[in-house]
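> The structure that follows is given in the form of structure tokens.
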Amino acid sequence: EPEVTQTPSHQVTQMGQEVILRCVPISNHLYFYWYRQILGQKVEFLVSFYNNEISEKSEIFDDQFSVERPDGSNFTLKIRSTKLEDSAMYFCASIPGINTGELFFGEGSRLTVL
Amino acid sequence: QKEVEQNSGPLSVPEGAIASLNCTYSDRVSQSFFWYRQYSGKSPELIMSIYSNGDKEDGRFTAQLNKASQYVSLLIRDSQPSDSATYLCAMESGGGADGLTFGKGTHLIIQP
């Protein structure tokens, strides 16, 4: 069964450093997402990406965040200058079309900022 | 502001009994509702989707939606220890672009 894959599974970084989280969505899916879950808290929408551009972004997705699909398969989330409060699990997800919340989630990348 | 509210629990249910999980939401425009299961340290996994008022059954799971009351529920029949997890209620109101709004989840414990 096709799946969303994410790397790395866990990254530890120093505050102020740049981090890139990578995702390979399911190949025939059209919408891609990043979500964040701080430990013990709810899953929060960060950004959606369709047709090689951002469709929507939340208030959390400020100027320190960026996304891109550099080679048609990988979908990356870059955090430019990490803060302690960026420590969280970051989930990539994809769906085959619009008007469906039946997200296929990757296993997540745990980011720890020291 | 779109909000999804759930009782965080823990909700403890004996094995074989019915577990009842509830969720309320604030956005009257919401069209689609979902229940995800999340094991500790893992990613959410879709259990059920429901789009219209009434009940929807899938195996041991039944989702119930009442848009007038802005209420969604999930029933798990014949609860098993493997059902022990956090159950996340989510809603979609803006098409695919807006993503889902999740509740904080209800921690369910099935006692053998």
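So the sequence lines, in the order shown, correspond to chains Z and R. Quick note on my numbering: the first sequence kicks off at 1 and runs consecutively. Quick note on my numbering: the second sequence kicks off at 1 and runs consecutively. All C-beta atoms in this analysis are idealised placements derived from N, C-alpha and C, irrespective of residue type, glycine included.
#1: What residues of chain Z sit near R:Lys67, judged by a beta carbon separation below 7 Å?
#2: Would a check of beta-carbon distances place R:Pro44 closer than 7 Å to chain Z?
#3: Going along the chain, which residues of its own chain have a beta-carbon closer than 6 Å to the beta-carbon of Z:Ser66, five neighbours each way excluded?
#4: State yes or no: is the beta carbon of Z:Val12 nearer than 7 Å to at least one beta carbon in chain R?
#5: List the residues that DSSP assigns as beta-bridge partners of R:Pro10.
#6: Given a cut-off of 7 Å, decide if R:Thr101 and R:Lys2 are closer than it, judged by their beta-carbon atoms.
#7: Measuring only the C-alpha atoms, how far is R:Ser82 from Z:Leu103?
#8: Give me the Cα-Cα distance between R:Phe61 and R:Val29, rounded to the nearest whole angstrom.
#9: Report yes if the C-beta distance between R:Gln64 and R:Ser73 is below 7 Å; otherwise report no.
Looking at the atomic coordinates:
#1: Here the question's residue 67 of chain R lines up with position 67 in the second sequence. Here the premise fails: no neighbours, minimum Cβ distance about 16 Å.
#2: By 1-based counting over the second sequence, the position of residue 44 of chain R is 44. Yes, R:Pro44 lies at the interface with chain Z (some Cβ there is under 7 Å from its Cβ).
#3: Along the first sequence, one-based indexing puts residue 66 of chain Z at 66. The residues are Lys78.
#4: On the first sequence, position 12 is the one that residue 12 of chain Z refers to. For Z:Val12, the answer is no, since every Cβ of chain R falls outside 7 Å of its Cβ.
#5: The sequence position of residue 10 of chain R within the second sequence is 10, counting from 1. Listed as beta-bridge partners of R:Pro10 by DSSP are no residues whatsoever.
#6: Within the second sequence, residue 2 of chain R is the residue found at index 2, counting from 1. Within the second sequence, residue 101 of chain R is the residue found at index 101, counting from 1. Yes, the Cβ-Cβ distance between R:Lys2 and R:Thr101 is below 7 Å.
#7: Here residue 82 of chain R is taken as the residue at index 82 of the second sequence, counted from 1. Here residue 103 of chain Z is taken as the residue at index 103 of the first sequence, counted from 1. Straight across, the Cα-Cα distance linking R:Ser82 with Z:Leu103 is about 22 Å.
#8: Along the second sequence, read from residue 1 onward, the residue named residue 61 of chain R stands at position 61. Along the second sequence, read from residue 1 onward, the residue named residue 29 of chain R stands at position 29. R:Phe61 and R:Val29: Cα-Cα distance of roughly 25 Å.
#9: Start at 1 with the first residue of the second sequence, and residue 64 of chain R comes out as number 64. Start at 1 with the first residue of the second sequence, and residue 73 of chain R comes out as number 73. Yes, they are a contact pair.
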